[in-house]
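Engineer:
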Ligand code: SIN
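Numbering (our numbering), first residue to last: 98 to 285.
#1: Can residue 136 and residue 112 be called in contact, C-beta distance under 8 Å?
#2: By DSSP's criteria, residue 176 is part of a beta bridge. Which residues make up the other side?
#3: Compare the C-alpha of residue 202 against each of 254, 182 and 194 and name the closest.
#4: By the DSSP assignment, the alpha helix (DSSP H) with residue 280 in it spans what residues?
#5: Would the C-beta of residue 249 count as close to the ligand MG, meaning under 7 Å from any of its heavy atoms?
#6: Under 8 Å by Cβ, that's how I've got residue 222 and residue 164 pegged, so tell me the actual separation to the nearest angstrom.
#7: What residues in its chain sit with their C-beta under 6 Å from that of residue 172, if we drop five residues either side in the sequence?
#8: For residue 142, which residues does DSSP report across the bridge?
#9: Going along the chain, which residues of its own chain have a beta-carbon closer than 6 Å to the beta-carbon of residue 151, five neighbours each way excluded?
#10: Taking the beta carbon of residue 245 as the centre, do at least 16 other beta carbons fall within 10 Å, making it buried, or is it exposed?
#11: Where does residue 264 sit, in a helix, a strand or coil, going by DSSP?
#12: Which of the three DSSP states is assigned to residue 186 in this structure?
#13: Just to confirm, are residue 286 and residue 120 a CB contact at a threshold of 8 Å?
#14: On the premise that residue 276 lies in contact with residue 239, defined as a C-beta separation below 8 Å, what is that separation, rounded to the nearest angstrom?
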């Protein structure tokens with residue numbers, strides 16, 4: 098991986114810091130950006146370990162959405178977006194509302210396909226937040242996701258959309274792949 102002076106001197110909002118999405122931000126960023134690039138985040142793993150009582154479920158029947166958990170050996174593939182400096186504060190304010198259920202902004206470094214590292218921010222719902230539910234037996238997760246619906250739609254669609262977008266990027270993610278396969282077979 099290579100870093101140039103963009104990396105060392107960048108500050109969020111100066112037009113050089115990217116926003117890394119690894120879940121719904123990949124297919125529905127809902128903000129203006131100047132550029133987008135497939136990107137990797139090293140040392141983090143995408144997991145369906147965050148309950149969604151507000152987007153893909155309801156408080157009585159929360160869905161499951163992705164967060165990132167630290168894992169030194171893992172690489173999470175997603176999409177990075179570069180907003181214009183003038184839009185930064187507005188976008189972060191919107192995303193802070195959208196990701197309000199336990200997600201916090203983290204400063205990270207993403208790596209593009211050409212090996213260039215870039216400064217970025219990403220939303221992580223850490224193990225201390227009240228909606229962090231961690232792992233569950235696979236069949237339980239499938240059942241929970243298959244039945245959950247919330248204001249943003251069916252939890253099942255979230256998984257299938259993520260799976261389709263990762264396939265477009267040529268990315269294989271074991272958990273996303275296994276869940277989407279099982280959900281396609283799950284009786285409607
Ligand atoms: C993300 O997409 O980067 C955050 C998780 C989500 O909103 O699905």
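No residue lacks a Cβ here, since even glycine has one placed at the ideal position from N, Cα and C.
Structural biologist: A quick look at the data gives this:
#1: Position 39 of the chain shown, counted from the start, is the residue given in the question as residue 136. Position 15 of the chain shown, counted from the start, is the residue given in the question as residue 112. For residue 136 and residue 112, no; Cβs fall outside 8 Å.
#2: Taking the first residue of the chain shown as position 1, residue 176 is located at position 79. Answer by DSSP bridge pairing, in chain order: 118 and 135.
#3: Counting from 1 along the chain shown, the entry for residue 202 is found at position 105. Here the closest residue by C-alpha is 194.
#4: Here the question's residue 280 lines up with position 183 in the chain shown. Its alpha helix (DSSP H) spans residues 271-282.
#5: The ligand MG is not part of this structure, which contains only the ligand SIN.
#6: Here the question's residue 222 lines up with position 125 in the chain shown. Here the question's residue 164 lines up with position 67 in the chain shown. The pair is a contact, with the Cβ atoms about 4 Å apart (cut-off 8 Å).
#7: Residue mapping note: residue 172 aligns to position 75 of the chain shown, counting from 1. So the qualifying residues of the chain are 137 and 139.
#8: Working through the chain shown from its first residue, we reach residue 142 at position 45. Looking at the DSSP assignment, residue 142 forms a beta bridge with 166.
#9: By 1-based counting over the chain shown, the position of residue 151 is 54. Counting only Cβ-Cβ distances below 6 Å, and skipping sequence neighbours, we find 198.
#10: As a first step, residue 245 is located in the chain shown; it is residue number 148 there, counting from the start. Buried.
#11: Locating residue 264 in the chain shown gives position 167, counting from the first residue. Residue 264 falls in the helix class under three-state DSSP.
#12: In the chain shown, residue 186 corresponds to position 89, counting from 1. Reduced to three states, the DSSP call for residue 186 is helix.
#13: The first residue shown for the chain is 98 and the last is 285, placing residue 286 beyond what the model contains.
#14: For the purposes of this step, residue 239 is taken as residue 142 along the chain shown, with counting starting at 1. For the purposes of this step, residue 276 is taken as residue 179 along the chain shown, with counting starting at 1. Right, the Cβ-Cβ distance comes to about 7 Å (below 8 Å), so this counts as a contact.
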